[in-house]
Amino acid sequence: MTDAVASAQHLFAEQYGRRPAGVWSAPGRANLIGEHTDYNDGFVFPFAIDRRTTVALGDRDDRVVRVSSTFSPDTIEVHLDELTPDAVSGWAAYPLGVVWALGESGADLAHVRGVDLHIDSDVPVGAGLSSSAAIECAVALALDEHWGLGFDRPTLAKVGRLAENRVVGAPTGIMDQSASLLGEADSGVFLDCRSLDADVIPLGFAEAGLSLLVIDTRVSHAHATGGYAARRASCEAGAAALGAASLREVAVDDLDRAQDLLDDETFRRVRHVVTENQRVLDTVRTLRELGPGAIGPLLDASHVSMRDDFEISVPELDLAVETAQANGAIGARMTGGGFGGAAIALVIDDLVPVVARKVVEAFAEHGFREPGVFTVHAAQGARRDA
Ligand code: ADP
Ligand code: MG
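Counting in the UniProt record's numbering, the sequence shown runs from 1 upward without gaps.
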């Protein structure tokens, strides 16, 4: 038994005074490439990481669902007959939102018994590694199996998204939940956001002696809502002006025509999305044909496109990427929605300590807050642990 499972059982017992009936877990995720492509019906290529959220579950005799987390001193409970999207708020909106979303997605919850849930996690919160999907997917899989609902994983991913959209109130896509539920060791999840078809593609990082370094700038992207909405609006306006239902339908070869039709800013927003979709496809093909050591230029080009065309980088992200590249990273890019958050760098294992140290030094020299720097590895998706 792993430490995390023993710890989850122990924490549950401390909280509720009995042993849990089972323990489930789901990972956070990092996006290897494919940024701001999801809401344009495009391609993304994230992977599940080796940081997980565990859910220990115990049965109850009544119809109450109770949730607690090491993250918070509060225990929150709701009766299954009184669960609506407005009935819960704060962090409990994630786990209880999933309960509501299961019912909304066709599960018959009229006769199930309540449960006690205790949540524990080593996924950093707010670092762009989707602690939110980790908690949603762990709870969704735990309840699906415990209540015998029989949903498949793509459906559970939609349940997680529905909880986040309607109960938490965050207009996020399906990428994070897909990675958390479908990920496999040393593999990425290549996702078509139009059809929702997902393919698990071996990354081969471990065999090639490569690690992915995450550089969390600790610049909060909380203030980015306006910038995010403006980018979405530009993409929609660009697609409409080009007569396309979404930018997914615009090819790299169409960009000359787009430049004639669009104002400069809208054109650059469109160019980012169109070329980024192509870079995702190229990354998958390059991995298959040449291996992971050859994808660096695609990661680097993705960063330049987000910095110059989509304009969602910040000086801290640029410094993280440039310093990693200058010290031997195979490729590096900012990851996530932008305006803060984290960068990733693909680095030969032996060079990880050097790159990490150089990045920390560069941040100090520039008077930036010390970044969080750590490696992540592609790991198995959600599972039952005990
Ligand atoms: P992230 O980039 O980490 O997904 P979000 O803002 O989307 O950031 O989600 C973070 C929120 O998810 C937290 O503020 C909290 O409400 C909830 N959350 C994440 N992990 C846990 C946990 N272990 N216990 C309770 N709530 C959690
Ligand atoms: Mg999140």
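By construction, the Cβ of each residue, glycine as well, lies at the ideal position given by its N, Cα and C atoms.
Measuring CA to CA, which of the options is closest to residue i?
i           : options            : result
residue 158 : 344, 180, 147      : 180
residue 146 : 186, 227, 91, 23   : 23
residue 212 : 72, 260, 221, 293  : 293
residue 216 : 49, 320, 7, 35     : 320
residue 342 : 232, 27, 202, 221  : 221
residue 92  : 110, 63, 108, 116  : 116
residue 349 : 121, 208, 2, 5     : 208
residue 249 : 225, 227, 276      : 276
residue 206 : 259, 48, 21, 187   : 187
residue 100 : 162, 111, 332, 130 : 162
residue 191 : 376, 41, 381       : 41
residue 244 : 263, 270, 132      : 270
residue 312 : 171, 54, 229       : 229
residue 347 : 47, 17, 299        : 299
residue 272 : 14, 252, 355, 189  : 252
residue 149 : 102, 34, 336, 17   : 102
residue 63  : 83, 72, 53, 139    : 83
residue 305 : 9, 356, 16, 34     : 34
residue 195 : 26, 178, 113       : 178
residue 185 : 377, 138, 383      : 377
residue 295 : 96, 88, 210, 359   : 210
Between residue i and residue j, what straight-line distance do the alpha-carbon atoms span, to the nearest angstrom?
i           : j           : result
residue 80  : residue 286 : 49 Å
residue 290 : residue 307 : 27 Å
residue 50  : residue 77  : 30 Å
residue 123 : residue 231 : 28 Å
residue 239 : residue 204 : 36 Å
residue 281 : residue 43  : 8 Å
residue 351 : residue 261 : 46 Å
residue 165 : residue 121 : 22 Å
residue 236 : residue 246 : 7 Å
residue 75  : residue 301 : 46 Å
residue 136 : residue 127 : 17 Å
residue 13  : residue 67  : 13 Å
residue 111 : residue 6   : 31 Å
residue 283 : residue 386 : 36 Å
residue 193 : residue 90  : 29 Å
residue 39  : residue 173 : 7 Å
residue 315 : residue 175 : 26 Å
residue 366 : residue 359 : 11 Å
residue 113 : residue 27  : 27 Å
residue 233 : residue 9   : 47 Å
Opposite residue i in the DSSP bridges: which residues?
i           : result
residue 377 : None; residue 377 has no bridge partner.
residue 54  : 25, 120
residue 312 : Paired residue(s): none; residue 312 is not in a bridge.
residue 31  : 46
residue 387 : Outside the shown range of the chain, which is 1 to 386, sits residue 387, and nothing can be said about it.
residue 216 : 342, 372
So the alpha helix (DSSP H) residue i belongs to, where does it begin and stop?
i           : result
residue 238 : 225–241
residue 322 : 315–326
residue 155 : 153–162
residue 178 : 175–182
residue 95  : 93–104
Is residue i helix, strand or coil when you go by DSSP?
i           : result
residue 367 : coil
residue 135 : helix
residue 385 : coil
residue 262 : coil
residue 5   : helix
residue 48  : strand
residue 83  : coil
residue 307 : helix
residue 108 : coil
residue 293 : helix
residue 144 : helix
residue 20  : coil
residue 167 : helix
residue 150 : coil
residue 387 : Beyond the ends of the chain as shown, which are 1 and 386, falls residue 387; an answer cannot be given.
residue 41  : coil
residue 10  : helix
residue 128 : coil
Residue i lies in the beta strand (DSSP E); which residues open and close that run?
i           : result
residue 334 : 331–335
residue 66  : 64–69
residue 75  : 72–79
residue 302 : Premise fails: residue 302 lies in the alpha helix (DSSP H), 296–304, not in any beta strand (DSSP E).
residue 208 : Residue 208 -> no beta strand (DSSP E), and no H or E assigned at all.
residue 190 : 187–192
residue 245 : Segment: none, residue 245 is in no beta strand (DSSP E) and carries neither H nor E.
residue 199 : 198–202
residue 346 : 342–348
Can you check whether the C-beta of residue i is within less than 8 Å of a C-beta belonging to chain C?
i           : result
residue 278 : The structure shown contains no chain C, having only a single protein chain.
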